[in-house]
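Participant: The structure's right below; bear with me while I get my questions together.
Residue numbers (the UniProt record's numbering): 1 to 634.
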């Protein structure tokens, strides 16, 4: 290296300072992970060079043999990791090693739980793996030159992880990046050939380029940095290109951790090779937990795309629909051009065929998981259920299969857990029942105790209880399952069909006629607040309930639209009364006009509260209720 020029001392981004402090002092319980993170970064650098060299072959600088080399010096207490990938310019080094605005550091810090083991699982997921070097190193040096730049524009970055870093321009003949870790006292165990080989084989055997160590490095040598005889210690072949029979489960899991930047095992995976009209290989994984940006629909997502084992892009989101954005993995095609771009991907009919097939393969995985590992599927549903609920609206062709994956709470389950599959509901349906009944609301307690369920409890009819904010929107697209229509029990005029006897229907008609006078009086009092007043067939215990018009928005959708600042269409509820309830009998016999008005409005407001809605005039409700309480206490 020549003399350093343009030397500067710069400060880390504030959040990076916090991150470094956590890593250095408390975060990692498994220190050897640092090597896996640095190797993964080096592998990514090689992939990026391969891709850029497709259009600019001169970037290879007459050296197309990409590799990673690891050496050590026991006396100097250093480990050196070197790659000949894309490398970094001075600007790249400041951006990627000094600030991490794009990598979610702030979200990472907010996600910390204080549990060392759990928190260590977050590190790769948030793209801050380079900083794991400071777990074992008191000082880190980075020498790099971006491919295509002259040798005089190499960069030397150095830091002790204490808030500042130095950066200078140096001469670097070879493209790529060299990282020198100056180990802390007590971490000398890592400056050992045998130890390094075992870490590489444990975590990085799947990396698809050779990871080389000096042949002599079996633990006795003091310094391997000047070695001339190297050997690969990993398989250096694309794992997805190997036959499934040759791959162990632990290899699949380590590869998942590499592509997903995750520290936890995947729930399940599918490795498949397609031959014939289309030829491609896919390796798809279902994670065990949700990423921090799952609900950021614009966040980077998608599969790693390879063409004939050459890396093309990191987040190819054209191969799976948005509701499956949590799926990780790779797809390697023989039917796409090596110089493929996003614009071409969006227009290529081959992509449409692959997307359809890969979507079905993911649904196959999830169906198999739900059937064979129901407890694991419960965990999956807790993490990803609300995203799967986006499916019926986005993927009409697979709507029935997606519906089969959905899970809901119901009146049959006391826990409130979302564990009821639609197939199980249909299997338990009453004789003569031809509808799937459901009720939406803001919380489980609210819907569980809703007056709308009273007649269903009396008749022993199961009702699905939907409390996720997306549920009412979902049911706008999910109209039926297994030939059975969905019916919102709070909407329109309830018709139980064959579940009501002829005698019950006749009795309902007779009661409705008998209460026509009361209905007219209530219409006068409630006026423009309601669209209709009628006798209810839903109630057995409560005096009154509010029903929603068939074409009106429910409370969930109104609240979602209001929260997003959209104009909500005006709608009025239907006020239904229980003609045999003591309060309604009292109301019917009330001759005093003012008392009748107070009782009527109190019953209306109580029905609104039971439906989870707010009161339009809370002060009016309190005043009317207080007047009645005073009369009762007089």
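Note that the Cβ used here is the ideal one computed from N, Cα and C, for glycine as well.
Taking the Cβ atom as the reference point for each residue, do residue 32 and residue 167 lie within a distance shorter than 7 Å?
Facilitator: Contact: no.
Participant: Tell whether a beta-carbon distance below 7 Å holds between residue 319 and residue 331.
Facilitator: Yes, Cβ-Cβ distance for residue 319 and residue 331 is below 7 Å.
Participant: Buried or exposed for residue 194, please, with buried defined as at least 16 other CB atoms from any protein chain shown within 10 angstroms of its CB.
Facilitator: Looking at its Cβ environment, which holds fewer than 16 other Cβ atoms inside 10 Å, residue 194 is exposed.
Participant: Could you check what DSSP says for residue 238 in three-state terms: helix, strand or coil?
Facilitator: DSSP places residue 238 in coil when its eight states are reduced to three.
Participant: Report the partner residues of residue 438 according to the DSSP bridge assignment.
Facilitator: 464 and 488, per the DSSP bridge assignment.
Participant: Taking residue 464 as the reference, which of 477, 490 and 483 has the closest Cα?
Facilitator: Among 477, 490 and 483, the Cα nearest to that of residue 464 belongs to 490.
Participant: For residue 576, which option in 50, 442, 526 and 310 has the closest C-alpha, if you only look at C-alpha atoms?
Facilitator: Closest by alpha carbon: 526.
Participant: Name the one or two DSSP bridge partners that residue 313 has.
Facilitator: Partner(s): 305.
Participant: Have a look at residue 591 and residue 611 and give me their C-alpha separation to the nearest angstrom.
Facilitator: Each residue's alpha carbon lies about 29 Å from the other.
Participant: Given that a residue counts as buried once 16 or more other Cβ atoms are within 10 Å of its Cβ, and exposed if not, what is residue 178?
Facilitator: Residue 178 is buried by the Cβ-count criterion.
Participant: Would you grab the beta carbon distance between residue 303 and residue 286 for me? Rounded to a whole angstrom, and I think it's under 8 Å.
Facilitator: Actually they are not in contact, since the Cβ atoms of residue 303 and residue 286 sit about 13 Å apart, beyond 8 Å.
Participant: Grouping DSSP H, G and I as helix and E and B as strand, with all else coil, what is residue 153?
Facilitator: Helix.
Participant: Using a Cβ-Cβ cutoff of less than 6 Å, which residues in the same chain neighbour residue 316 once the five nearest sequence positions on both sides are dropped?
Facilitator: For residue 316, where only same-chain residues beyond five positions count, the Cβ hits under 6 Å are 302, 303 and 305.
Participant: Got a sec? Which residues, its chain only, sit under 7 Å from residue 608 by beta carbon, not counting five neighbours each side?
Facilitator: Same-chain partners within the cutoff: 546 and 615.
Participant: Here's the rule I'm using: 16 or more other beta-carbon atoms within 10 Å means buried, otherwise exposed. How should residue 439 be labelled?
Facilitator: It is buried - the Cβ of residue 439 has at least 16 other Cβ atoms within 10 Å.
Participant: Rounded to whole angstroms, what is the Cα-Cα separation between residue 581 and residue 631?
Facilitator: Their Cα atoms are separated by approximately 21 Å.
Participant: Measuring CA to CA, which of 328, 206, 87 and 41 is closest to residue 147?
Facilitator: Of the candidates 328, 206, 87 and 41, the one whose C-alpha sits nearest the C-alpha of residue 147 is 87.
Participant: Is it buried or exposed for residue 578, if we count other Cβ within 10 angstroms and need 16 for buried?
Facilitator: So residue 578 ends up on the buried side.
Participant: Is the beta carbon of residue 270 sitting closer than 7 Å to the one on residue 361?
Facilitator: A contact, by the Cβ cut-off of 7 Å.
Participant: Using the DSSP secondary-structure output, state which residues sit across from residue 164 in a beta bridge.
Facilitator: 11.
Participant: From the DSSP secondary-structure annotation, give me the bridge partner or partners of residue 214.
Facilitator: Residue 214 is bridged to 230.
Participant: Note down, in chain order, each residue of its chain lying with its Cβ closer than 6 Å to the Cβ of residue 217, except the 5 sequence neighbours on either side.
Facilitator: Residue placement at residue 217 is poorly supported in this model, since its pLDDT is 47, which falls under 50; the coordinates still yield a value, given next. The residues are 193 and 224.
Participant: Do you know how far the Cα of residue 239 is from the Cα of residue 156?
Facilitator: Roughly 34 Å between the two C-alpha positions.
Participant: Give me, in chain order, the residues of the same chain whose beta-carbon lies closer than 6 Å to that of residue 219; leave out the 5 immediate sequence neighbours on both sides.
Facilitator: The pLDDT assigned to residue 219 is 45, lower than 50, so where the model puts this residue is not dependable, and the model offers no usable value.
Participant: Which same chain residues, not among the five before or five after residue 385, have their C-beta less than 8 Å away from its C-beta?
Facilitator: So the qualifying residues of the chain are 406, 407, 418 and 468.
Participant: Quick check on the DSSP output: the beta strand (DSSP E) that includes residue 139 runs from which residue to which?
Facilitator: Here the beta strand (DSSP E) through residue 139 covers 137-145.
Participant: Who does residue 361 pair with in a DSSP beta bridge?
Facilitator: Residue 361 is not bridged to any residue.
Participant: What would DSSP say about residue 407, mapped onto helix, strand or coil?
Facilitator: Looking at residue 407 - three-state DSSP - the assignment turns out to be strand.
Participant: What does residue 613 pair with, by DSSP beta-bridge criteria?
Facilitator: Its beta-bridge partners do not exist; DSSP assigns none.
Participant: Applying the 10 Å Cβ sphere with the 16-neighbour rule, what's the burial state of residue 506?
Facilitator: Exposed.
Participant: If distances are taken between C-alpha atoms only, which option among 403, 399 and 398 comes closest to residue 381?
Facilitator: That would be 403, whose Cα lies nearest to the Cα of residue 381.
Participant: With which residues is residue 420 paired in a DSSP beta bridge?
Facilitator: Paired residue(s): 408.
Participant: Can you find a CB in chain B that lies within less than 7 Å of the CB of residue 470?
Facilitator: No chain B is present in this structure, which holds just one protein chain.
Participant: Leaving out five residues before and five after residue 328 in sequence, what residues of the same chain have Cβ atoms less than 7 Å from its Cβ?
Facilitator: The residues are 256, 259, 260, 285 and 287.
Participant: With burial defined as no fewer than 16 other Cβ atoms inside 10 Å of the residue's Cβ, what is the status of residue 43: buried or exposed?
Facilitator: With 16 or more other Cβ atoms within 10 Å, it is buried.
Participant: For the alpha helix (DSSP H) holding residue 285, just list the boundary residues, first then last.
Facilitator: From DSSP, residue 285 is part of no alpha helix (DSSP H) but of the beta strand (DSSP E) over 280-286.
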